[in-house]
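See structure below.
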Amino acid sequence: MFPICICTLHHIHTQSDSLTISPTMLQKAILRIFDMGFTFITYGEFIEAILQNKNIGKKKVLLTFDDGYFDLYRFGFPILKELRIPAVCFLITNTIRDSKREIYDLEPKLHKNFNYSNDLEYFLNLSEILEMHASGLMEFDSHSATHFSCNSEDTERLKQELTHSRDKISEIFPHKKYFGFCFPRGDFNTNALNLLSTCGYDFAFSTIDGGLCKGDDLRRIRRIDISQSTRKEADYLFRLSKKLNLYSYPLLGNLYSNFRNRKFHRVP
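Every number in the numbering used here is 1283 more than the matching position in the sequence shown, counting from 1.
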């Protein structure tokens, strides 16, 4: 299997912070990825590659979104539909409301100011999730129930977070066969890794920077953060191109990722 570049984003709107990309820059990033010869794959194709060892070829990108913010539906989804880009979104399942949205013109909010309990209007509701899924472009999976840190020795709380979130995803998508988990803030420890299969998960995503290579631990899949952390378009697109080029090479990309993420090797 050639490396898969799993790109991750959080917010899409016009405010500037390290976890936000503007709609304009999102479109330019997608077009740059195309220009580099990469192909976007569906979540289903990704699962076949990692669990069924299917050869999907070189230079493949899986686009992921963390947390499930309304700005994905408002600003990101129209771009994904226009360019026909598949993606997967990891949901904090306790934020999902089964009620009609009353305010669509929400003022964008900086990530650091979010409260996962009180700012529910800033998260996707059930109808928006189902609409995006019905398009055939967007899949959904688990990001815990409350965004609880999985770097915890509280085994019972971790079980609750993992199980309740999986059960909610299964309730929304009753025909779903495989379940993936995304660690909130990228936090995990040995306790959390060992609980994944017990709680019904087949694989999990981390925030360890790098491409997914053959033989990697599928409980902590590496991803590439492509959030916009600079105001200069040229700098952003240069860094995006550099990361994708580097991590698409099996040996060089793997060595560089292991060097950058040495601290994670302490978790067996």
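Think of the CB as a built atom: it goes at the ideal place given N, C-alpha and C, for glycine as much as any other residue. Quick caveat: nothing in here was measured; it's all calculated off a predicted structure.
| query | result |
| --- | --- |
| Assuming contact is defined by CB atoms lying nearer than 7 angstroms, are R1502 and A1487 in contact in what I supplied? | yes |
| Do E1328 and I1313 have their CB atoms nearer than 7 angstroms? | no |
| Using 8 angstroms as the Cβ pair cut-off and three pairs as the minimum, do the segment 1517 to 1529 and the segment 1298 to 1314 touch? | yes |
| Which residues in the same chain have their Cβ closer than 7 angstroms to the Cβ of I1330, if we skip the five residues on either side of it in sequence? | Y1461 |
| Rounded to the nearest angstrom, what separates K1392 and I1386 at their Cα positions? | 14 angstroms |
| Under three-state DSSP, which class holds F1542? | helix |
| Taking only runs that begin and end inside the segment 1355 to 1410, name each unbroken alpha helix (DSSP H) of 4 or more residues, in chain order. | 1360 to 1366 |
| Given L1476, which residues of its chain have a CB within under 6 angstroms of its CB, disregarding the five upstream and five downstream residues? | R1502 |
| In or out: Q1511 buried (at least 16 other Cβ within 10 Å) or exposed? | buried |
| Between E1411, D1508 and T1376, which lies nearest to F1464 when the distance is taken from Cα to Cα? | T1376 |
| Does the distance from the C-beta atom of G1275 to that of C1372 stay below 7 angstroms? | One cannot answer for residue 1275 here, as it falls past the ends of the chain, which runs 1284 to 1551. |
| Which partner residues of K1343 appear in the DSSP bridge assignment? | I1287 and T1322 |
| How would you call S1418, buried or exposed, if buried means at least 16 neighbouring beta carbons within 10 angstroms? | exposed |
| For G1320, count neighbouring Cβ atoms within 10 angstroms of its own Cβ and tell me buried if that reaches 16, exposed if not. | exposed |
| Between D1508 and N1472, what straight-line distance do the alpha-carbon atoms span, to the nearest angstrom? | 21 angstroms |
| Considering only residues of the segment 1417 to 1461, which uninterrupted alpha helix (DSSP H) runs meet the minimum length of 4 residues and lie entirely inside it, listed in chain order? | 1438 to 1455 |
| Taking R1522 as part of the alpha helix (DSSP H), name the residues at either end of that continuous run. | E1516 to Y1530 |
| Taking the alpha-carbon positions, what's the T1446 to E1439 distance? | 10 angstroms |
| So, for I1304: in the same chain, excluding its five sequence neighbours on each side, which residues have a beta-carbon less than 8 angstroms away from its beta-carbon? | L1292, H1294, I1295, A1312, I1509, S1510 and Q1511 |
| Quick check on L1409: buried or exposed, where buried means 16 or more other Cβ atoms within 10 Å of its Cβ? | exposed |
| Would the beta-carbon of Y1356 fall within 7 angstroms of that of L1407? | yes |
| With distances taken between CB atoms, is the gap from G1469 to P1286 smaller than 7 angstroms? | no |
| Select from Y1399, E1365, H1394 and D1388 the residue whose C-alpha is nearest the C-alpha of L1374. | Y1399 |
| Which residues in the same chain as E1414 place their Cβ atom closer than 7 angstroms to its Cβ, once the five residues preceding and following it in sequence are excluded? | none |
| Under the three-state reduction of DSSP, which class applies to L1495: helix, strand or coil? | strand |
| Please decide whether L1501 counts as near chain C, where near means a Cβ-Cβ distance under 7 angstroms. | The chain inventory of the structure shown lacks chain C, comprising one protein chain alone. |
| Just to confirm my understanding: we take K1364, look at its own chain, exclude 5 residues before and 5 after, and list those with CB closer than 8 angstroms. What are they? | S1418 and L1420 |
| What first and last residue would you give for the alpha helix (DSSP H) that runs through N1472? | Where N1472 is concerned, there is no enclosing alpha helix (DSSP H), given that its DSSP letter is neither H nor E. |
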